[in-house]
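Visitor: Pasting in a structure now, in structure tokens, and then I'll have a few things to ask.
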Amino acid sequence: MSDLPDVFDPRRYAAGPPHDDYRELRERHPVAWQEEYEVLGWPAGPGFWAVTRHADVVRVLKDAATYSSALGATQIRDPDPDDLPFIRRMMLNQDPAASSSAGPARADHHDHGRLRRLVSRAFTPGRTDRFAAAVRNRARTLLGAARDGAEGGAFDLVTEVTDDYALLNLADLLGVPGSDRGLLLEWTERVIGYQDPDEPPVLGPDGRPVDPRSPAMLREMFAYAQELAAHKRREPADDVMTALAHSELGDAELEMFFFLLTVAGNDTVRAAAPGGFLALAEDGEAQQALREGRVGVDSAVEELLRWHPPVLTFRRTAVRDTVLAGQRLRAGDKVVVFHASANHDERVFARPHRLDLSRAPNPHVSFGDGPHVCLGAHFARLQLRVLHEEALRLLPPYTLAGPPRRLVSNFINGIKALPLELSGPARGPLG
Ligand code: HEM
1 MSDLPDVFDP RRYAAGPPHD DYRELRERHP VAWQEEYEVL GWPAGPGFWA
51 VTRHADVVRV LKDAATYSSA LGATQIRDPD PDDLPFIRRM MLNQDPAASS
101 SAGPARADHH DHGRLRRLVS RAFTPGRTDR FAAAVRNRAR TLLGAARDGA
151 EGGAFDLVTE VTDDYALLNL ADLLGVPGSD RGLLLEWTER VIGYQDPDEP
201 PVLGPDGRPV DPRSPAMLRE MFAYAQELAA HKRREPADDV MTALAHSELG
251 DAELEMFFFL LTVAGNDTVR AAAPGGFLAL AEDGEAQQAL REGRVGVDSA
301 VEELLRWHPP VLTFRRTAVR DTVLAGQRLR AGDKVVVFHA SANHDERVFA
351 RPHRLDLSRA PNPHVSFGDG PHVCLGAHFA RLQLRVLHEE ALRLLPPYTL
401 AGPPRRLVSN FINGIKALPL ELSGPARGPL G
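Here you go:
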């Protein structure tokens with residue numbers, strides 16, 4: 001056993017990211033070995049390197065030739081080797097063509113750049129912005145109803161506002177009909193919540209949890225993606241699924257991309273939105289500055305994303321022997337970047353543990369960096385900006401009415417409940 005802090009244990013994250021331990025690792029062991037013991041029914045793994053400084057996180061994310069997304073995919077836990085070819089059909093788990101020549105030849109090689117170029121066309125800021133009015137209406141309706149229904153001035157932001165907000169906005173963008181939206185939620189919860197005791201695991205014949213990324217778990221979702229694409233070919237609309245259904249994407253690529261979007265586009269915003277409100281509820285002065293217009297909502301949203309990155313970790317695999325921050329890594333080693341640590345690195349951010357809504361520059365890594373930098377960042381920012389603008393208009397000052405309940409996960413910085421107390425009269429009628 002090493003004396004290094006353990007930042008792997010998913011159960012620890014129920015109390016929030018372990019910032020003291022992150023700081024210790026940044027100071028003493030910026031690339032630190034982590035044991036991967038059996039936890040919550042999941043088997044032990046070989047262990048991994050935790051990368052905690054901002055500069056090293058950026059370096060790993062940018063250098064796909066050395067740190068591969070394809071070799072072992074992008075989650076801390078190793079996938080079943082039999083599932084790897086399947087998982088690599090997702091762009092998240094592919095490498096740029098130029099870098100793959102450095103790695104071992106693979107029959108199932110995909111070029112990340114090709115897929116990224118194809119789907120970026122479906123995902124233009126122009127298309128995204130056309131959803132802005134619908135996003136704003138939704139923010140108004142949800143916040144207004146929560147405010148008006150608040151018993152004793154308190155309500156849970158997560159169940160009453162942000163869960164539906166993220167899901168319904170994504171469903172609009174994709175073009176998923178209203179009646180099917182429950183399905184979208186069920187699928188994404190299965191994949192992301194798998195470490196959380198509130199989410200009952202699906203057990204295999206051996207009594208072990210079934211990997212939620214395996215083909216068997218995804219069959220239902222894929223069939224749905226194909227049906228939806230067929231529908232969009234018959235009845236095109238101005239949405240992402242219509243654009244994808246009319247693109248050069250093959251059937252398997254389209255299914256995989258639909259899967260990626262339902263997870264990447266939903267749980268991240270579901271985590272970011274309450275995370276921002278939590279920070280503002282805990283810091284009345286910052287909330288007041290925003291309320292009085294002394295800081296802009298755009299820059300506030302960036303600081304809230306720095307403060308509460310929805311994604312806690314992403315994994316790469318070393319393609320060859322290399323050295324990172326003085327630590328020797330061997331080909332095949334798992335290398336995991338820690339976004340919340342990088343965002344609080346005192347080498348880059350002055351007073352990182354102070355919420356500074358006008359912080360500039362603010363080079364947080366919440367959307368990643370390098371070839372896989374988030375494709376949905378524009379849509380995510382739009383949703384967060386609009387939600388805060390409408391909250392400022394519709395809600396009086398708010399504080400915490402109780403402690404938040406957090407997701408048990410070392411991957412998503414999720415919040416399952418955020419009780420807010422409104423500390424004044426409602427701001428007036430809706431609309
Ligand atoms: C605040 C919200 C969000 C955060 C913090 C976030 C974060 C991230 C991060 C860190 C990555 C990089 C993964 C890696 O390094 O391997 C990523 C990739 C991605 N994100 Fe997001 N995301 C958010 C919202 C969204 C939304 C709303 C969508 C779509 C509607 C989306 C779609 C994607 C896709 C498709 C990728 C993969 C890109 C690639 O592999 O080239 N994300 N996201």
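Yeah, the sequence shown ends on 431 if you go by UniProt numbering, and it's all consecutive.
All residues carry an ideal CB built from backbone N, CA and C; glycine is no exception.
Model, not experiment: these values are computed from the prediction.
Candidates L387, T399, N410: which alpha carbon is nearest R136's?
Guide: The residue given as residue 136 occupies position 136 in the sequence shown. If we check each option's Cα against that of R136, L387 comes out closest.
Visitor: Three or more C-beta pairs closer than 8 Å, one from the region 117–131 and one from the region 243–250: is that the case here?
Guide: Flag = yes, the region 117–131 and the region 243–250 touch.
Visitor: Across which residues does DSSP place residue 436 in a beta bridge pair?
Guide: Nothing about residue 436 can be reported from this structure: the residues present for the chain run from 1 to 431 only.
Visitor: Going by other Cβ atoms of all chains shown within 10 Å of its Cβ, with 16 needed for buried, is D333 buried or exposed?
Guide: For the purposes of this step, residue 333 is taken as the residue at position 333 of the sequence shown. Classification of D333: buried, given that the 10 Å Cβ count is 16 or more.
Visitor: Report yes if the CB atom of A252 is closer than 7 Å to the CB atom of R89, and no otherwise.
Guide: As a working note, residue 252 is residue 252 in the sequence shown. As a working note, residue 89 is residue 89 in the sequence shown. Yes, these two residues count as a Cβ contact at 7 Å.
Visitor: Using 6 Å as the cut-off, classify the Cβ of T124 as near or not near the heavy atoms of ligand 1, replying yes or no.
Guide: By one-based count along the sequence shown, residue 124 stands at place 124. Every heavy atom of ligand 1 is 6 Å or more from the Cβ of T124, so no.
Visitor: Under 7 Å Cβ to Cβ from L357, same chain only, skipping five residues before and after it: list those, please.
Guide: On the sequence shown, residue 357 is found 357 positions in, with the first residue counted as 1. Correct list, in chain order: A286, A289, L290, V295, S299, A300, E303.
Visitor: Fully enclosed by the region 369–419, which alpha helix (DSSP H) runs are 4 residues long or longer?
Guide: If we require 4 residues or more, the alpha helix (DSSP H) runs fully inside the region 369–419 come out as 377–394.
Visitor: Taking C-alpha atoms, which residue in L392, A380, A281, R77 lies nearest to R140?
Guide: To locate residue 140, count along the sequence shown from 1; it is residue 140. The shortest C-alpha separation from R140 is found at L392.
Visitor: Cβ of M91 within 6 Å of any heavy atom in ligand 1?
Guide: On the sequence shown, position 91 is the one that residue 91 refers to. Yes.
Visitor: From L4, P352, T317, D20, pick the residue whose C-alpha is nearest to that of L329; which is it?
Guide: The residue you call residue 329 lines up with position 329 of the sequence shown. Of the listed residues, the one whose Cα sits closest to L329 is T317.
Visitor: Going by DSSP, name the residue or residues bridged to L422.
Guide: Counting from one through the sequence shown, the residue named residue 422 turns up at place 422. Beta-bridge pairing links L422 to Y398.
Visitor: So, is E151 buried or exposed, given that buried needs 16 or more other C-beta atoms within 10 angstroms?
Guide: The residue labelled residue 151 in the question sits at position 151 within the sequence shown. By the neighbour-count rule (16 or more Cβ atoms within 10 Å), E151 is not buried but exposed.
Visitor: For F367, which residues from the same chain have a beta carbon less than 7 Å from its beta carbon, with the 5 sequence-adjacent residues on both sides left out?
Guide: For the purposes of this step, residue 367 is taken as residue 367 along the sequence shown, with counting starting at 1. Hits under 7 Å: V373, C374, A377.
Visitor: Under the assumption that A64 contacts P371 (Cβ atoms under 8 Å), give the Cβ distance between them as a whole number of angstroms.
Guide: Numbered from its first residue, the sequence shown carries residue 64 at position 64. Numbered from its first residue, the sequence shown carries residue 371 at position 371. That pair is a contact at about 5 Å.
Visitor: Look up F222 in the DSSP assignment and say whether it is helix, strand or coil.
Guide: Residue numbering aside, residue 222 sits at position 222 when the sequence shown is read from its first letter. Correct three-state label for F222: helix.
Visitor: Looking at C-alpha atoms only, which residue of N266, E255, P17 is the closest neighbour of A383?
Guide: Mapped onto the sequence shown, residue 383 falls at position 383. For the record, residue 383 in the displayed sequence is Gln; it is not Ala. Ranking N266, E255, P17 by Cα distance to Q383 puts N266 first.
Visitor: Which term fits A281, buried or exposed, when burial requires 16 or more other beta carbons within 10 angstroms of its beta carbon?
Guide: Numbered from its first residue, the sequence shown carries residue 281 at position 281. Result: buried.
Visitor: Compute the Euclidean distance between the alpha carbons of L173 and E390, then round it to the nearest angstrom.
Guide: Residue numbering aside, residue 173 sits at position 173 when the sequence shown is read from its first letter. Residue numbering aside, residue 390 sits at position 390 when the sequence shown is read from its first letter. Going from the Cα of L173 to the Cα of E390 covers about 20 Å.
Visitor: For F222 and W187, I'd like the C-alpha separation in whole angstroms.
Guide: To locate residue 222, count along the sequence shown from 1; it is residue 222. To locate residue 187, count along the sequence shown from 1; it is residue 187. Looking at the two C-alpha atoms, the distance is approximately 11 Å.
Visitor: In chain order, which alpha helix (DSSP H) runs of at least 4 residues are fully inside the region 8–61?
Guide: List check, alpha helix (DSSP H) in window: 19–28.
Visitor: Could you round the C-beta distance between G72 and P96 to whole angstroms and report it? I think they count as a contact, below 8 Å.
Guide: The residue you call residue 72 lines up with position 72 of the sequence shown. The residue you call residue 96 lines up with position 96 of the sequence shown. The pair is not a contact, with the Cβ atoms about 17 Å apart (cut-off 8 Å).
Visitor: Near R59, what residues of its chain come up, given a Cβ to Cβ distance below 8 Å and the 5 sequence neighbours on each side ignored?
Guide: The residue you call residue 59 lines up with position 59 of the sequence shown. Excluding positions up to five away in sequence, the list reads L324.
Visitor: So is the beta-carbon of G414 under 6 Å away from any non-hydrogen atom of ligand 1?
Guide: As a first step, residue 414 is located in the sequence shown; it is residue number 414 there, counting from the start. No, since every heavy atom of ligand 1 falls outside the 6 Å radius drawn around the Cβ of G414.
Visitor: Does DSSP put V240 in a helix, a strand or coil?
Guide: Residue mapping note: residue 240 aligns to position 240 of the sequence shown, counting from 1. Three-state result, V240: helix.
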